[in-house]
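Before any comments, here is the structure.
In the UniProt record's numbering, the protein residues as written are 1 to 522.
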């Protein structure tokens, strides 16, 4: 394919809209994570802030007392510019404790797992364009209703419904990836999935600014409106396969069809080898690795605003900027790491399995170590920020790790694999905030938050070790399930035909013998 003929290919347009689509998905998912800080009645001064202030000011107090006594100088006591001071009336706030807040934040994932596998199946049947697009659109429309919900359980119900609908989004995209993207470009393209990080990076500061200016309800209106705008572009510019695209060049279409692995043109008609998938060791090892990656990300992503608000007393603006910045770093890290991974494959410097293991080590082992550092950063906000940003950034290697591995194992059934895995992995998004709620309910201390981070780190590191030992990215035999069945039938026919010929020959020989004997008798 002559790349000079096209400045922007259809794959480039698809990458951009997929990136924006996942950004919208995470904006609608995460807007509550920050906005809940402004929705609940704040404590006069969080206990953890008092604890950290007392610990950090010990040496300062000694110096101030000595200096004041010697030089008769008076030093005013000041607080951090990030102290959680609110100037809003509490009438539009809710008296939810930490446990109730944990329920609200985790509600999105309660039924999110149920629609994961159907998402992959629906994409195979109706196409990613319809499934992915409508899921984002309906979730955005439901987002408009959030500001008008006045009861905790009504909000939980609405969030459960949003999560259920959005559950089809991630697995449905793998179907389109398998149809559009050759293996040597797959890591870079899957980095578009990390548009979720762009969404997070935008959502936190955007919701903070909108909430401060127009109230917390406006943040849900703004994010939902952006979702509707994105859907308009998606509907008119994206197609399920190169064969269906009316504006694709002949050169690009031939290049894609010549380089995609396996036959995916009629995959919706192919039977799904459920038994082989469920009993596949490589699939389960990949699921375990993805579990650890997801648990670490969910902890850093969902709990960061609450952690910095309670432990370090930062206000909503500071928390919004702080919580959003690492996700932008995650996207940047993902893009360049995936380019390096594709380069290692093209130049054959590393095998496909080793490239995937390298990526998995980064987003499990390295991530786990950084989360441990966050847990032990204690009352040192600068260290906490560094570990939190770095831990979130290295998670971006997932684009060259488990997200790509599912396509490597089976391009034909990639959407089914991710849907099946999502049914299990999404529970990390529910369990993580529930554990935080139990550990920190009326007990906001540095020690309790350290337990939260150590649990996340243990999941991450253990899953990475398991994949390094047993993981693989080799295409599985059952990926060619239909062809295997055809070969089996051909072999059976080949075995059957000689048997039939032999029976016919034996019958003819018997008839000839009988005829010969009859003639002799005559």
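Every residue gets a Cβ at the ideal spot worked out from N, C-alpha and C, and that includes glycine.
- If you draw a straight line from the Cα of residue 172 to the Cα of residue 24, it comes to about 15 Å.
- Counting along the chain, the unbroken alpha helix (DSSP H) around residue 201 starts and ends at 195-214.
- The DSSP-derived three-state label of residue 144 is coil.
- Check the Cα spacing between residue 298 and each of 234, 368, 271, 231: the tightest is with 368.
- Across the structure, residue 189 and residue 15 are spaced so that their CA atoms are roughly 6 Å apart.
- Taking all protein chains shown into account, residue 463 has 16 or more neighbouring C-beta atoms within 10 Å of its C-beta and is therefore buried.
- Per DSSP, the continuous alpha helix (DSSP H) segment holding residue 126 begins and ends at 116-126.
- Under a 10 Å Cβ-count criterion, residue 235 is classified as exposed, with fewer than 16 other Cβ atoms of the shown protein chains found around its own Cβ.
- Take the alpha-carbon of residue 238 and the one of residue 245: they are about 8 Å apart.
- Judged by DSSP secondary structure, residue 406 falls within the alpha helix (DSSP H) whose first and last residues are 402-409.
- By the Cβ criterion, the stretch 444-456 is not in contact with the stretch 194-210, since fewer than three pairs of Cβ atoms, one from each stretch, lie closer than 8 Å.
- Within the stretch 278-312, the complete alpha helix (DSSP H) segments of 4 residues or longer fall at 281-310, listed in chain order.
- Spanning the alpha carbons of residue 327 and residue 346 requires a straight line of approximately 28 Å.
- In the three-state DSSP reduction, residue 168 falls in the coil class, being neither helix nor strand.
- Boundaries cannot be given for residue 378, as no alpha helix (DSSP H) includes it and DSSP labels it neither H nor E.
- Distance from the Cα of residue 398 is smallest, within the candidate group 364, 376, 456, for 364.
- If you check the CB distance, residue 195 and residue 333 do not come in under 7 Å.
- Residue range 98-106 is occupied by the alpha helix (DSSP H) that includes residue 100.
- Residue 40 sits in a strand when the DSSP states are folded into three classes.
- Fewer than three beta-carbon pairs drawn from the stretch 397-411 and the stretch 89-109 are found closer than 8 Å, and the two stretches are therefore not classed as touching.
- Counting only residues of its own chain and dropping the five nearest sequence neighbours on each side, residue 423 has a CB closer than 7 Å to the CB of 113, 116, 117.
- When the Cα atoms are used, residue 391 and residue 416 turn out to be separated by approximately 29 Å.
- DSSP places residue 419 inside the alpha helix (DSSP H), whose first and last residues are 414-425.
- For residue 448, the enclosing alpha helix (DSSP H) stretches over residues 446-470.
- Contact annotation, residue 309 with residue 37: C-beta distance approximately 5 Å; criterion of less than 8 Å satisfied.
- Residue environment for residue 12: exposed (fewer than 16 other C-beta atoms within 10 angstroms of its C-beta).
- The beta-carbon separation of residue 452 and residue 466, rounded to 22 Å, does not stay under the 8 Å limit for a contact.
- According to DSSP, residue 94 shares a beta bridge with 40.
- Spanning the alpha carbons of residue 142 and residue 427 requires a straight line of approximately 22 Å.
- Residue environment: residue 281 is assigned as exposed (fewer than 16 neighbouring CB atoms within 10 Å of its CB, all protein chains considered).
- Going by DSSP, residue 359 is part of the alpha helix (DSSP H) stretching over 352-361.
- In the DSSP annotation of this structure, the continuous segment of the alpha helix (DSSP H) that includes residue 256 starts and ends at 250-259.
- Contact between residue 341 and residue 473 is ruled out by a C-beta separation of about 11 Å, above the 8 Å threshold.
- Comparing alpha carbon positions, the residue from 167, 33, 149 closest to residue 208 is 33.
- One Cα belongs to residue 311, the other to residue 140, and the distance between them is close to 32 Å.
- In the three-state reduction of the DSSP assignment, residue 247 falls in the coil class, being assigned neither a helical nor a strand state.
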